[in-house]
Amino acid sequence: MSSPALEVVEFLLTAHVYNENRELDENDLPPRYRRVFWAERDGDASDTESDGVEPLGGVERPLSVTETDAQTATGVERPWEAVSDLLFTDRTEFSGTLSFTQPEMALEWFFKSADRDRLVTNPTLAFVAEGRDEIDVSHEEAREQNRPIHADRVWIDSLLEAYFDTDDEEGDSEMLDLVHVRAPEEIEMTLDDLVLTADQEGEIGKIVKAIEHRDYLAEIGLREIGKLLFVGPPGTGKTTVSRALAHELGLPFVEVKLSMITSQYLGETAKNVEKTFEVAKRLSPCILFIDEFDSVAKTRRSDEHAALKRAVNTLLKSIDDISLIRDDVLLIGATNHPDQLDSAAWRRFDEIVNFPKPDRQMRADILRVITNRMDIAEFDPESVAARTQGLTGSDLRMVLREAVLEALTEERMSLTQADILDAVEDFEERDNLKNMDMMDDSDSLIAGNGESPDADHDHDHDHAHDHQH
Ligand SMILES: Nc1ncnc2c1ncn2[C@@H]1O[C@H](COP(=O)(O)OP(=O)(O)O)[C@@H](O)[C@H]1O
Ligand SMILES: [Mg+2]
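Note that full-length UniProt numbering numbers the sequence shown so that position 118 is 118, with each residue one more than the last.
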């Protein structure tokens, strides 16, 4: 169904129809086209909407299509060659602009060649299709499926740039180093790549529905929703599931490690917390992911600086103030140490999702996912699963990586079950070493007992060490 001519005509038609119909907006353009038409805006072009800051760029009419644009948008090597035979196309030699001599004819031709699948991914053309009988597709349906512009990388960057003085003010650019923003298109692992417990699937299903129907929830006054806490040991998929959710929902993913925010400059911490939530609100709808949530509880317990206490209170208050229903921000906290969270923090989440270490069945499933594209002779995931009790998804990935690298040292690109079992053994040995290390560490912790009023104790120690040659 796809041909270079069809690809190029679709692109040209989209630009044409978009220009003709003012009621269409950026969200009617497929992301692959939008990227091509994105242009920086002049700083003072203030066609701003209600709440102030707008990104420093956008898609502006009239759209015109050069051969290079068409090539980037469609992937067709020689766009003009692909359509020059058609009677309704034209090229301006000098500017390299492609256009239609007879748009009506182009439409006829397109609707004869295109199928429904194509139109569902192009709201602009679905808009036209709705008024014709060739293909049964609604504009609304296509628009709903289309990824909105606020999920595009260019949009995110340009919004951040507009809101935070990324060049001038030192504090702001530093802030953007602490907060990592991912566009959904940049997230590689999807929910399909993850093996979830029934409980996790249930919670994720609920939140997806809640986001879909947030207008309804607002209407009936149900606002206590959209604050999740993911709890479980390292390597059980808390971060990856959160990101996959952003991918699934087409939302930008704002990620911050709480320990990073608090360890920098004590005096700045409260401000950093506020800014983090500001970034999320500016990018909304989005997911705000706060990792290492327990690092707050820790600082709260030790009676350290007043600045830290202020920061903690700011954090708790910011969580109270943000809402999925009102601000379109889904908040996900994650912690490896639920025991260190005090009730003040705990209370603020309306769903707790448990991330346990995978059981045997899950381990087998995870192994299948990881090895999906690997060539392994006599592979028996069940028996590997039986041998790997206590290992997390992340551990299993590491095992497979070692097996692959080990085989590569022998120039082998196909593995055997034995390679994997060897790698499991190696992993367990290394894991034992690591645990011995941890015992040492905890000994020294007991000696210092963590109660020392000198918060910089460790740091000073390291420092002294540096000078001891
Ligand atoms: N349930 C799972 N299913 C599939 N892969 C998993 C699972 N849990 C962990 N992994 C793998 O381990 C990696 C690390 O997990 P991560 O999300 O960083 O864990 P956490 O945030 O809980 O420490 C993931 O990228 C993924 O490849
Ligand atoms: Mg993590």
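The C-beta atom is built at its ideal place from N, Cα and C for all residues, glycine as well. The structure displayed is predicted, hence computed values, not measured ones.
#### Entry: For review: beta carbons within less than 7 Å of any heavy atom in ligand 2
PRO234, LYS238, THR239, ASP291, ALA334
### Message
Please classify ASN19 as buried or exposed, where buried requires at least 16 neighbouring CB atoms within 10 angstroms.
### Response
Taking the sequence shown and counting its residues from 1, one reaches residue 19 at position 19. Label assigned to ASN19: exposed.
### Message
I want to know whether the segment 248–261 touches the segment 126–142 - three or more CB-CB distances under 8 Å.
### Response
no
### Message
Would you call the segment 355–369 in contact with the segment 320–332, where contact means no fewer than 3 C-beta pairs closer than 8 Å?
### Response
Two segments are said to touch when three or more pairs of C-beta atoms, one from each, lie closer than 8 Å; by this definition the segment 355–369 does not touch the segment 320–332.
### Query
According to the neighbour-count rule (16 or more other Cβ atoms, all chains shown, within 10 Å of its Cβ), is ALA39 buried or exposed?
Start at 1 with the first residue of the sequence shown, and residue 39 comes out as number 39. Result: exposed.
### Task
Below 6 Å CB to CB, which residues in the same chain sit around SER113 once its five sequence neighbours on both sides are set aside?
For this step, residue 113 is matched to residue 113 along the sequence shown. Closer than 6 Å at Cβ, skipping near neighbours: LEU6.
### Message
Let's see if you can read the secondary structure: which residues bound the alpha helix (DSSP H) around LEU308?
### Response
In the sequence shown, counting from the first residue as 1, residue 308 sits at position 308. 306–321 is the extent of the alpha helix (DSSP H) around LEU308.
### Message
Less than 7 Å separating the Cβ of GLY393 from some heavy atom of ligand 1?
### Response
Mapped onto the sequence shown, residue 393 falls at position 393. Yes, ligand 1 has a heavy atom inside 7 Å of this Cβ.
### Task
Check whether the Cβ atoms of ARG282 and ARG182 sit closer than 8 Å, and answer yes or no.
Mapped onto the sequence shown, residue 282 falls at position 282. Mapped onto the sequence shown, residue 182 falls at position 182. Taking 8 Å as the Cβ cut-off, ARG282 and ARG182 do not qualify as a contacting pair.
### Separation of PRO4 from VAL120, as counted between CA atoms
Here the question's residue 120 lines up with position 120 in the sequence shown. Here the question's residue 4 lines up with position 4 in the sequence shown. Using only the alpha carbons, I get a separation of about 19 Å.
### Task
Can you grab the Cα-Cα spacing for the pair ILE225 / PHE164, in whole Å?
On the sequence shown, position 225 is the one that residue 225 refers to. On the sequence shown, position 164 is the one that residue 164 refers to. Roughly 29 Å separates the two Cα atoms.
### Query
Rounded to a whole number of angstroms, what is the C-alpha to C-alpha distance between ASP117 and ASP328?
The count along the sequence shown starts at 1 and reaches residue 117 at position 117. The count along the sequence shown starts at 1 and reaches residue 328 at position 328. Their Cα atoms are separated by approximately 30 Å.
### Task
May I ask you to list the residues that DSSP assigns as paired with ASN354?
Sequence index remark: in the sequence shown, residue 354 carries index 354 (1-based). Answer is VAL231.
### Message
So, with DSSP's three-state summary, where would you put GLU130?
### Response
The residue given as residue 130 occupies position 130 in the sequence shown. Correct three-state label for GLU130: coil.
### Task
For VAL17, name the three-state secondary structure that DSSP assigns.
Taking the first residue of the sequence shown as position 1, residue 17 is located at position 17. DSSP places VAL17 in helix when its eight states are reduced to three.
### Query
How should SER2 be labelled, buried or exposed, when 16 other C-beta atoms within 10 angstroms of its C-beta is the threshold for buried?
Here residue 2 corresponds to residue number 2 of the sequence shown, with the count starting at 1. It is exposed - the Cβ of SER2 has fewer than 16 other Cβ atoms within 10 Å.
### Task
For PHE37, collect the residues of the same chain with a Cβ closer than 6 Å to its Cβ; drop the 5 residues on either side in sequence, then sort them by chain order.
Numbered from its first residue, the sequence shown carries residue 37 at position 37. The residues are VAL59, LEU63.
### CA nearest to the CA of VAL128, picked from GLU144, LEU288, GLN145, GLU104
Locating residue 128 in the sequence shown gives position 128, where the first residue counts as 1. Taking the Cα of VAL128 as reference, the smallest distance to any Cα among GLU144, LEU288, GLN145, GLU104 is reached at GLU104.
### N-terminal and C-terminal residue of the alpha helix (DSSP H) that VAL241 is part of
Here residue 241 refers to the residue found at position 241 of the sequence shown. Here the alpha helix (DSSP H) through VAL241 covers 238–249.
### Query
Going straight from the alpha carbon of ASP342 to that of GLU77, what length do you get?
For the purposes of this step, residue 342 is identified with residue 342 of the sequence shown, where counting begins at 1. For the purposes of this step, residue 77 is identified with residue 77 of the sequence shown, where counting begins at 1. About 60 Å.
### Task
Answer with yes or no whether the minimum CB distance from ILE370 to chain C is below 8 Å.
The structure shown contains no chain C, having only a single protein chain.
### Message
On the criterion of 16 or more Cβ atoms from any shown chain inside 10 Å, does PRO184 qualify as buried, or is it exposed?
### Response
The residue you call residue 184 lines up with position 184 of the sequence shown. Buried, since its Cβ has 16 or more Cβ neighbours within 10 Å.
### the segment 314–321 in contact with the segment 192–200 per 3-pair CB rule at 8 Å
Segments in contact, no.
### Message
Please report the straight-line C-alpha distance between MET398 and GLY235, rounded to a whole angstrom.
### Response
The residue labelled residue 398 in the question sits at position 398 within the sequence shown. The residue labelled residue 235 in the question sits at position 235 within the sequence shown. The alpha-carbon atoms of MET398 and GLY235 are separated by roughly 11 Å.
#### Entry: Residues that residue 546 bridges to, as DSSP identifies them
As shown, the chain starts at 1 and ends at 469. That puts residue 546 outside it, with no answer to give.
### Which listed residue (GLU93, VAL241, LEU12) has its alpha carbon closest to that of LEU125
In the sequence shown, the residue the question calls residue 125 occupies position 125. The shortest C-alpha separation from LEU125 is found at LEU12.
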